[in-house]
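Q: Going by my numbering, 228 is the number at position 228 of the sequence shown; the sequence numbering is gapless.
In this text, a Cβ means the ideal position worked out from N, Cα and C, and glycines have one as well.
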Amino acid sequence: MNERDEAIDAEVVSPPPKSGPQAPAVADDVLPDKLYLMPLPHRPFFPGQVQPVGINPGQWGSTLEAVGKAGHGLIGLSYVNEADPAAIEARRFPEIGCVVRLHRPPLAEQKGQFLAQGVKRFRIVRWLSDKPPYLVQVEYPGSQGERGSDEVKAYAMALIKEIKELLPLNPLYSEELKQYLANFSPNQPSLLADFSAALTTASGDKLQEILDTLPLVSRMEKVLTLLRKEREVAQLQSQITSQVNEKVSSQQREFFLREQMKVIQKELGISKDDRTTDVEMFEERIRDLTLPPAATTRIEEEMRKLAMLETGSPEYAVTRNYLDWATSVPWGVLSEDQLDLKRARKVLNEHHEGLEDVKDRILEFLAVGSFKGEISGSILLLVGPPGVGKTSIGRSVADALGREFYRFSLGGMRDEAEIKGHRRTYIGAMPGKFVQALKEVNVSNPVIMLDEIDKIGASFRGDPASALLEVLDPEQNKDFLDHYL
Numbered sequence: 001m002n003e004r005d006e007a008i009d010a011e012v013v014s015p016p017p018k019s020g021p022q023a024p025a026v027a028d029d030v031l032p033d034k035l036y037l038m039p040l041p042h043r044p045f046f047p048g049q050v051q052p053v054g055i056n057p058g059q060w061g062s063t064l065e066a067v068g069k070a071g072h073g074l075i076g077l078s079y080v081n082e083a084d085p086a087a088i089e090a091r092r093f094p095e096i097g098c099v100v101r102l103h104r105p106p107l108a109e110q111k112g113q114f115l116a117q118g119v120k121r122f123r124i125v126r127w128l129s130d131k132p133p134y135l136v137q138v139e140y141p142g143s144q145g146e147r148g149s150d151e152v153k154a155y156a157m158a159l160i161k162e163i164k165e166l167l168p169l170n171p172l173y174s175e176e177l178k179q180y181l182a183n184f185s186p187n188q189p190s191l192l193a194d195f196s197a198a199l200t201t202a203s204g205d206k207l208q209e210i211l212d213t214l215p216l217v218s219r220m221e222k223v224l225t226l227l228r229k230e231r232e233v234a235q236l237q238s239q240i241t242s243q244v245n246e247k248v249s250s251q252q253r254e255f256f257l258r259e260q261m262k263v264i265q266k267e268l269g270i271s272k273d274d275r276t277t278d279v280e281m282f283e284e285r286i287r288d289l290t291l292p293p294a295a296t297t298r299i300e301e302e303m304r305k306l307a308m309l310e311t312g313s314p315e316y317a318v319t320r321n322y323l324d325w326a327t328s329v330p331w332g333v334l335s336e337d338q339l340d341l342k343r344a345r346k347v348l349n350e351h352h353e354g355l356e357d358v359k360d361r362i363l364e365f366l367a368v369g370s371f372k373g374e375i376s377g378s379i380l381l382l383v384g385p386p387g388v389g390k391t392s393i394g395r396s397v398a399d400a401l402g403r404e405f406y407r408f409s410l411g412g413m414r415d416e417a418e419i420k421g422h423r424r425t426y427i428g429a430m431p432g433k434f435v436q437a438l439k440e441v442n443v444s445n446p447v448i449m450l451d452e453i454d455k456i457g458a459s460f461r462g463d464p465a466s467a468l469l470e471v472l473d474p475e476q477n478k479d480f481l482d483h484y485l
């Protein structure tokens with residue numbers, strides 16, 4: 001331990017005060033007329049207040065050493081609203097502060113931990129040193145007003161009443177605070193006012209205003225206003241907490257009752273679990289579809305598998321998603337063709353001006369279909385610069401035939417899985433664009449336009465152009481099989 005620490009421990013540190021509200025018995029003639037000052041950054045200190053304070057020995061070690069050498073163990077604490085203590089100047093200190101006695105707690109682990117006990121207000125008369133350690137000449141003003149007047153007693157009783165109403169609302173007020181309050185009486189109105197102000201969560205500037213107020217009645221009036229605001233905030237906080245707890249309890253009760261209801265309905269056969277509901281939904285879907293034999297066999301196998309899986313298993317989700325897609329495809333659902341050449345010419349003329357060669361070629365195509373009685377998997381290639389109406393011609397063909405229309409762009413497509421679908425064991429797997437088109441339009445014979453086919457590209461994932469061969473070849477596309485399905 002160095003000499004500075006020895007001086008501080010020998011003189012500044014004294015035994016902690018005994019528990020209780022009584023202010024330290026220090027007579028005015030014993031209080032020094034010179035005090036060393038230290039700033040408090042958050043809120044001022046009040047006479048009668050006992051509170052731990054942290055002091056940085058590296059920054060204020062010279063001040064603590066000077067207090068130790070003075071021999072009285074008293075120091076002046078002043079509220080200075082400054083975020084950086086190193087930037088504090090002497091002119092920032094208020095005129096009124098509180099002289100305190102510093103005590104070392106028995107279990108303090110660090111040199112900067114002290115217990116401060118407020119003694120009395122002081123007023124700065126003259127600065128003796130405007131650099132740390134700050135030294136000032138002070139006087140100790142007393143409270144102005146008659147301590148025993150009826151008005152002071154009335155304010156004292158009002159303060160005690162407000163504090164008693166605050167106790168059950170704020171859990172931070174401990175049993176020690178209740179004992180402290182029990183020892184107060186209207187005969188100590190100044191201490192009562194200061195103690196009441198220290199209880200509040202008011203801003204440092206508001207509390208400094210109370211510390212600066214020497215007339216007793218005015219000070220008690222200001223403190224009473226702060227306490228009433230504190231009580232209103234505490235009541236509002238208690239009301240909000242009660243509402244939140246009530247809402248949470250209601251939600252927990254509702255959840256518990258719903259779970260009980262599910263179990264009871266399941267036991268009575270009224271309610272069904274998620275697995276049974278899913279199986280029945282898929283069975284209802286395929287009841288209205290005309291499935292090919294291969295699809296029927298595969299879907300039935302997957303439904304039997306689904307019935308044996310637990311709903312929480314990953315395989316259940318994969319199987320359910322597969323059945324959702326497989327039963328959403330419009331198997332056997334066809335729109336009826338309208339092979340009326342007069343109507344087709346009218347539709348084309350209404351939608352497009354000019355383009356006679358294109359219209360004639362489309363009418364030839366429709367005439368062949370009318371002669372055969374069907375249009376099966378035929379392909380039309382529309383070539384031209386941007387903006388001439390290729391996409392709108394495709395939509396007009398669908399309108400002329402009375403079929404659904406679906407368009408998707410191949411521009412920039414580099415993954416053949418976009419055409420043929422993903423393997424369903426992959427995360428996020430889904431069918432290709434053609435199966436998605438069938439589900440979107442809900443018929444099996446729509447007019448599908450492959451736009452921007454010349455801008456398709458290849459990558460390490462494969463060549464979508466090669467996958468399109470099976471789709472575009474009339475001899476192969478009837479046997480097209482999506483990887484996902």
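(1) Pull the bridge partners of H103 from the DSSP assignment, please.
(2) Is the number of C-beta pairs between the segment 293 to 308 and the segment 343 to 356 that are closer than 8 Å three or more?
(3) By DSSP, does E139 sit in helix, in strand, or in coil?
(4) Who are the Cβ neighbours of E162 in its own chain at under 7 Å, not counting the five residues just before and after it?
(5) Evaluate V30 with the Cβ neighbour count: other Cβ atoms within 10 Å of its Cβ, from every protein chain shown; 16 or more gives buried, anything less gives exposed.
(6) On the criterion of 16 or more Cβ atoms from any shown chain inside 10 Å, does M38 qualify as buried, or is it exposed?
(7) Kindly list the residues whose CB is nearer than 7 Å to the CB of S409, restricted to its own chain and excluding five residues on each side of it in sequence; keep chain order.
(8) Using the C-alpha atoms, what's the distance from P314 back to D415?
(9) Are the beta-carbon atoms belonging to P133 and A193 less than 9 Å from one another?
(10) Between the segment 88 to 98 and the segment 73 to 80, can you find at least three pairs of beta-carbon atoms closer than 8 Å?
(11) Under 7 Å Cβ to Cβ from D463, same chain only, skipping five residues before and after it: list those, please.
(12) Suppose only complete runs of 4+ residues qualify. What are the alpha helix (DSSP H) ranges in the segment 327 to 364, listed by chain order?
(13) Just to confirm the assignment, what range does the beta strand (DSSP E) spanning I75 have?
(14) Measuring only the C-alpha atoms, how far is C98 from H42?
(15) Could you name the residues of the same chain whose beta carbon sits closer than 6 Å to that of F255, not counting the 5 residues immediately before and after it, in chain order?
(16) Going by alpha carbons, who is nearest to L166 out of T276, D205 and T200?
(17) With a threshold of 6 Å on Cβ separation, who are the neighbours of A465 within its own chain once the five nearest residues in sequence on each side are excluded?
(18) If the criterion is Cβ atoms closer than 9 Å, does the pair L159 and S190 meet it?
(19) Assign L381 to one of three DSSP states: helix, strand, or coil.
(20) Take the Cβ of A240 as the centre, count every other Cβ of all protein chains shown within 10 Å, and call the residue buried at 16 or more, exposed below.
(21) For V447 and G394, which I take to be in contact (beta-carbon distance under 8 Å), what is that distance rounded to the nearest angstrom?
(22) Let me check one thing: in DSSP terms, what residues is R121 bridge-paired to?
(23) Is T200 close to the ligand NAD? I mean its beta-carbon at under 8 Å from any heavy atom of the ligand.
(24) Work out the CA separation of L257 and S328 for me, nearest whole Å.
(25) Would E139 be called buried (16 or more neighbouring beta carbons within 10 Å of its own) or exposed?
(26) Going residue by residue through the segment 420 to 468, where are the continuous beta strand (DSSP E) segments of at least 3 residues, counting only ones entirely within it?
(27) Which of the three DSSP states, helix, strand or coil, is assigned to R43?
(28) Where does R414 fall in DSSP's three states?
(29) Please classify L334: is it buried, with 16 or more other beta-carbons within 10 angstroms of its beta-carbon, or exposed?
(30) My guess is that R101 and V119 are in contact by the Cβ rule of under 8 Å, so how many angstroms apart are they, rounded?
(31) Distance check for Q252 and E259, CA to CA, integer angstroms please.
(32) Name the DSSP beta bridge partners of Q144, please?
(33) So, are the CB atoms of L211 and R121 less than 9 Å apart?
(34) Which same chain residues end up closer than 8 Å to T443 when comparing Cβ atoms and leaving out the 5 residues on each side of it in sequence?
(35) For K34, which residues does DSSP report across the bridge?
(36) So L35 and G76 are in contact, right, with Cβ under 8 Å, and what is the actual spacing, rounded?
A: The relevant details are as follows:
(1) Answer by DSSP bridge pairing, in chain order: L115.
(2) Contact between the segment 293 to 308 and the segment 343 to 356 is absent, because fewer than three Cβ pairs lie under 8 Å.
(3) Looking at E139 - three-state DSSP - the assignment turns out to be strand.
(4) Closer than 7 Å at Cβ, skipping near neighbours: L224, L227, R228 and R231.
(5) Burial call: exposed.
(6) Taking every protein chain shown into account, the CB of M38 has 16 or more other CB atoms within 10 angstroms, so this residue is buried.
(7) Result list for S409: D451 and E452, in chain order.
(8) Counting only the Cα atoms, P314 lies some 26 Å from D415.
(9) Not a contact, by the Cβ cut-off of 9 Å.
(10) Yes, since at least three Cβ pairs between the segment 73 to 80 and the segment 88 to 98 fall closer than 8 Å, the two stretches touch.
(11) The answer, listed in chain order, is E416.
(12) Those alpha helix (DSSP H) runs which fall completely within the segment 327 to 364 and span 4+ residues are 341 to 351.
(13) Following the DSSP letters along the chain, one finds I75 inside the beta strand (DSSP E) bounded by residues L74 to Y79.
(14) When rounded, the separation of the alpha-carbon atoms in C98 and H42 is 14 Å.
(15) Nothing listed; no residue qualifies.
(16) That would be T200, whose Cα lies nearest to the Cα of L166.
(17) Contacts found: I456.
(18) Inclusion of L159 and S190 in the CB contact set at 9 Å is not warranted, their separation being larger than that value.
(19) Three-state result, L381: coil.
(20) Looking at the sequence provided, one finds Ile at residue 240 rather than Ala. Counting of Cβ neighbours within 10 angstroms places I240 among the exposed residues, the total staying below 16.
(21) Confirmed, about 7 Å.
(22) R121 has C98 as its beta-bridge partners, per DSSP.
(23) As far as ligands go, the structure on display features none, and thus does not contain the ligand NAD.
(24) If you take the alpha carbons of S328 and L257, they lie about 36 Å apart.
(25) With a threshold of 16 other beta carbon atoms within 10 Å, E139 falls short and is exposed.
(26) Counting whole runs of 3 or more residues, the segment 420 to 468 contains the beta strand (DSSP E) stretches 447 to 451.
(27) Coil.
(28) R414 falls in the coil class under three-state DSSP.
(29) Exposed: under 16 other Cβ atoms inside 10 Å.
(30) That belief holds up - the Cβ atoms of R101 and V119 are roughly 6 Å apart, short of 8 Å.
(31) A direct Cα-Cα distance of roughly 11 Å separates E259 from Q252.
(32) Q144 is bridged to P215.
(33) Contact: yes.
(34) It is worth fixing the name first, because residue 443 is Val in this sequence and not Thr. Scanning its chain for C-beta atoms nearer than 8 Å, with the 5 sequence neighbours on each side dropped, one finds around V443 the residues P330, V333, L334, S335, R403 and E404, in chain order.
(35) Bridge pairing for K34: Q137 [DSSP].
(36) Right, their Cβ atoms sit about 4 Å apart.
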